[in-house]
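Each residue of the sequence shown is one higher than the one before, starting from 26 at the first, in my numbering. Beta carbons are placed, not taken as given, at the ideal position from N, Cα and C, and that holds for glycine.
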Amino acid sequence: MSQVLDTSTVRLSPLGARPKPLRLRPKGWTLYLFIVLAVASAIGMFVVDSRELVGALGLSLMLWMIFLRIPIALATAVPGILGMWALRGFRLVESILGSSGFSDVASWSYSVIPMFVLMGMLLSATGLTDNLFLAVRRCLWWLPGGLAVGTNLAGAGLAAVSGSTSATTYALGRVSIPEMMKVGYDRRVALLAVMAAGLPGQLIPPSILMIIYAGIVEVPVGPQLLAGVVPGILMALVFAVIFVGIAVVMGRKGGGSLNRADRASVGQTLLSVVRAWPVPVLMIVVIGGMLSGVFTATEAGAAAAGVALVLALVHAFRAKSWTAIRSSLWGTLNTTGMIFFLLLGAMLLSDMLTLTGISQLFADWISDAGLNRWTFLLVMMLIYLLLGTGMDTLPMLVLTVPVLIPTLESLDISLLWFGVFAVIMGELAVLTPPVGVLLYLIHGLTQDPQVNQGVKFSLVDVFKAVLYVIPGALLVLLILIAFPDLVEFLPAMSAN
Numbered sequence: 026m027s028q029v030l031d032t033s034t035v036r037l038s039p040l041g042a043r044p045k046p047l048r049l050r051p052k053g054w055t056l057y058l059f060i061v062l063a064v065a066s067a068i069g070m071f072v073v074d075s076r077e078l079v080g081a082l083g084l085s086l087m088l089w090m091i092f093l094r095i096p097i098a099l100a101t102a103v104p105g106i107l108g109m110w111a112l113r114g115f116r117l118v119e120s121i122l123g124s125s126g127f128s129d130v131a132s133w134s135y136s137v138i139p140m141f142v143l144m145g146m147l148l149s150a151t152g153l154t155d156n157l158f159l160a161v162r163r164c165l166w167w168l169p170g171g172l173a174v175g176t177n178l179a180g181a182g183l184a185a186v187s188g189s190t191s192a193t194t195y196a197l198g199r200v201s202i203p204e205m206m207k208v209g210y211d212r213r214v215a216l217l218a219v220m221a222a223g224l225p226g227q228l229i230p231p232s233i234l235m236i237i238y239a240g241i242v243e244v245p246v247g248p249q250l251l252a253g254v255v256p257g258i259l260m261a262l263v264f265a266v267i268f269v270g271i272a273v274v275m276g277r278k279g280g281g282s283l284n285r286a287d288r289a290s291v292g293q294t295l296l297s298v299v300r301a302w303p304v305p306v307l308m309i310v311v312i313g314g315m316l317s318g319v320f321t322a323t324e325a326g327a328a329a330a331g332v333a334l335v336l337a338l339v340h341a342f343r344a345k346s347w348t349a350i351r352s353s354l355w356g357t358l359n360t361t362g363m364i365f366f367l368l369l370g371a372m373l374l375s376d377m378l379t380l381t382g383i384s385q386l387f388a389d390w391i392s393d394a395g396l397n398r399w400t401f402l403l404v405m406m407l408i409y410l411l412l413g414t415g416m417d418t419l420p421m422l423v424l425t426v427p428v429l430i431p432t433l434e435s436l437d438i439s440l441l442w443f444g445v446f447a448v449i450m451g452e453l454a455v456l457t458p459p460v461g462v463l464l465y466l467i468h469g470l471t472q473d474p475q476v477n478q479g480v481k482f483s484l485v486d487v488f489k490a491v492l493y494v495i496p497g498a499l500l501v502l503l504i505l506i507a508f509p510d511l512v513e514f515l516p517a518m519s520a521n
C-alpha cells in the first residue's frame, strides 16, 4: 500500500485550531497510471457510440481525477461537461453553463449555507465551542466513563456547528485525550471517544453535509436537516451507553478515576454551563424554529448567524481584537465558495448521467437482480465502506447519489431517509482501516507530547479502537432501516 499512497504524515494547521485534510497522494508509477487512465477515459467519451458507455467513462474519469487529488468540484464538473459535449455537442454545454450555472445555484434554499458556515466559524474562532466541552465534562464527572461520554456529547454539538468531522476530531482530541490520560483512561478508550465524537454532529442541524446532499437530490433543505435530528441523538445515546458499559467492565481503565481531584465545585460547574449556553441555545433555535414553522431553514440560519455575530462582537470588544471576526468572515467566503462550486459540479454530473441513462440502467439492473430494500442497503453499506478506504465523505456522496436516485425511487426509499443513511455511511467510511483519512489524522495528533501525556499511541491502537466505533454506527443504521419513521416523522410534523 505504501507504494501507492503516501499516508505517513498528517499536516496540521500552524494555528492549531483546524486541521488541514489528509492528502493521500499517488506517487511514482501510480501517478502516471492515473493520468493515463484519466486521459483515456476522457478521449473514450468522444469515441464510443453508446450513451451508457459515455456515462460509465464519465464516472471513471471522475474517479481517476479524485485519485489524482484534483479538487472535487473540478472532478465532477469536467466529466459532466465532457459527457454532455460528447452526446449533444458544445452548444448544449454553453446553454447549461450560461443558464443553469447561475439559476441552479442562486437558490433561496442554498442561501442557508453561508449563514450556517458563518455561525460555525464565529463560534469556533471566539472559543465558545471550547466552553461546551468543559461544561459537559464538569456535569458528567459522576458517571462511569463520564469524560468519554462528555467528549461524545460535546462532539455532537461541535460537529453540528462546524460542519467538519476532521475539525471536530482535531479540536476535541487536543483537549479531551490529555484529560482522559490524566485520570487513567486506557488509550484505546480515549481514541474511541474522540473518533465517535464527530459522527452524531454530522446529522444534527445545521449539518453542511446534509445541505449539500439536499442540493444534489434537489429536496428542500429544511426537511432534510430535520430528518437527521432523531438519528443524531440516537447515535449519541448509543455511544454513551457503550462508554458507560466499557467503564463498568474495565473499571478505572475504561472510565478513569472518580476521586475528588477530578471534580469541579458546584460554582465552577454552574459557571462553565453559563459560559457554554450559546451553542445549545443556537441549536435549539435552529431545530425548534424549523420544527414549529416559525423559521424556514434559511431564516433559521440567518437568525443563528446573527446571534453568533453579536456574541463575536461582544468577545471582540472584551478582547480588544477583531482577529476572530476577520478570520471567520474570510473562512466563510472560502468555504461557501468551495461548497457552491461543488454543488455546480454535482449538478453538471447529474445532468450528464441523466442524458446517458446510466442511472436508469443501474436501477433496471437492481430490479432484474431481485434485490429488495434490505439487501440493496446492505450492499450499499459494503460499497461505502470500500469507498471510504480511499476517499472522503463528500466525494462519496457526489459519486454515488446521482446514480442511485432512480433506484431509490424504484425501491420506494425516501430521499430524505437515504440522506441520513448516506451521511452516516460516508462518515463511518472515513474511519475504515487501512486508509480511513481520520485514522491518520488522529494518529498524528497523538504523537504530540502535550496530547499523549507520555503515553505511546501506535497506529495499531487507533485501528483497534475504531473496531468499537463501526458496530455502534451499524447498529444505529440497522435500527433506522427497520424503523424508517424515526427519520421521517419530524419532517412530516413540520410540514403539518
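Inter-residue Cα distance where the pair is residue i and residue j
i       : j       : result
Leu-515 : Leu-316 : 7 Å
Gln-385 : Ser-75  : 15 Å
Ile-267 : Leu-250 : 26 Å
Val-118 : Ser-124 : 10 Å
Trp-54  : Ser-191 : 30 Å
Lys-207 : Asp-155 : 19 Å
Gly-41  : Gly-382 : Per-residue confidence for Gly-41 stands at a pLDDT of 35, beneath the threshold of 50, marking its modelled position as unreliable; the derived number appears in the next sentence. About 47 Å.
Ala-181 : Pro-225 : 5 Å
Pro-496 : Leu-503 : 10 Å
Leu-37  : Ser-132 : In this prediction, Leu-37 scores a pLDDT of 32, lower than 50, which makes its location untrustworthy; the coordinate-derived value is nonetheless stated afterwards. Each residue's alpha carbon lies about 35 Å from the other.
Leu-197 : Trp-390 : 44 Å
Leu-505 : Ala-252 : 11 Å
Leu-358 : Gly-270 : 44 Å
Phe-508 : Val-174 : 26 Å
Arg-116 : Thr-432 : 30 Å
Ser-519 : Ile-312 : 10 Å
Option nearest residue i by Cα separation, candidates the options
i       : options                               : result
Val-445 : Ile-495, Gly-326 and Ala-239          : Ala-239
Gly-223 : Ala-179, Ala-325 and Trp-347          : Ala-179
Phe-92  : Pro-230, Ala-498, Tyr-195 and Asp-417 : Asp-417
Gly-413 : Leu-464, Pro-427 and Leu-433          : Leu-464
Trp-442 : Leu-500, Val-254 and Val-491          : Val-254
Val-426 : Pro-458, Phe-387 and Pro-459          : Phe-387
Leu-407 : Ala-98, Leu-499 and Gln-227           : Leu-499
Glu-434 : Tyr-409, Pro-458, Ala-160 and Phe-401 : Phe-401
Ala-289 : Leu-159, Ile-504, Val-64 and Gly-370  : Leu-159
Arg-213 : Ile-106, Met-518 and Val-480          : Val-480
Leu-56  : Val-79, Gly-69, Trp-89 and Trp-355    : Trp-89
Ala-13  : Met-405, Phe-482, Pro-431 and Pro-474 : Outside the displayed range of the chain (26 to 521) lies residue 13, so it cannot be described from this structure.
Whole-angstrom C-beta distance between residue j and residue i, which should lie under 8 Å
i       : j       : result
Ala-329 : Met-140 : 7 Å
Ser-297 : Arg-163 : 5 Å
Leu-58  : Met-70  : Not a contact, Cβ separation roughly 19 Å.
Proximity below 8 Å, CB of residue i to CB of residue j
i       : j       : result
Val-273 : Leu-148 : no
Pro-104 : Leu-374 : yes
Met-377 : Gly-108 : yes
Thr-193 : Ala-349 : no
Leu-456 : Met-220 : yes
Ser-134 : Val-310 : no
Leu-380 : Leu-86  : no
Val-494 : Pro-256 : no
Val-512 : Pro-458 : no
Ala-98  : Leu-367 : yes
Ala-301 : Leu-157 : yes
Val-428 : Pro-203 : no
Ala-215 : Asn-177 : no
Quick check: the segment 262-274 against the segment 234-250, are there 3 or more CB pairs under 8 Å? no
Using 8 Å as the threshold, is the segment 241-249 in touch with the segment 483-503, meaning 3 or more CB pairs across them? no
Check whether the segment 465-476 and the segment 427-446 touch, using three or more Cβ-Cβ pairs below 8 Å as the test. Not touching, per the Cβ criterion.
Across the segment 449-459 and the segment 418-428, are there enough close Cβ pairs to call them in contact, namely three or more that are closer than 8 Å? Enough Cβ pairs lie closer than 8 Å, so yes.
I'd like to know if the segment 394-410 and the segment 156-170 are in contact, where contact means that at least 3 CB-CB pairs between them fall below 8 Å. no
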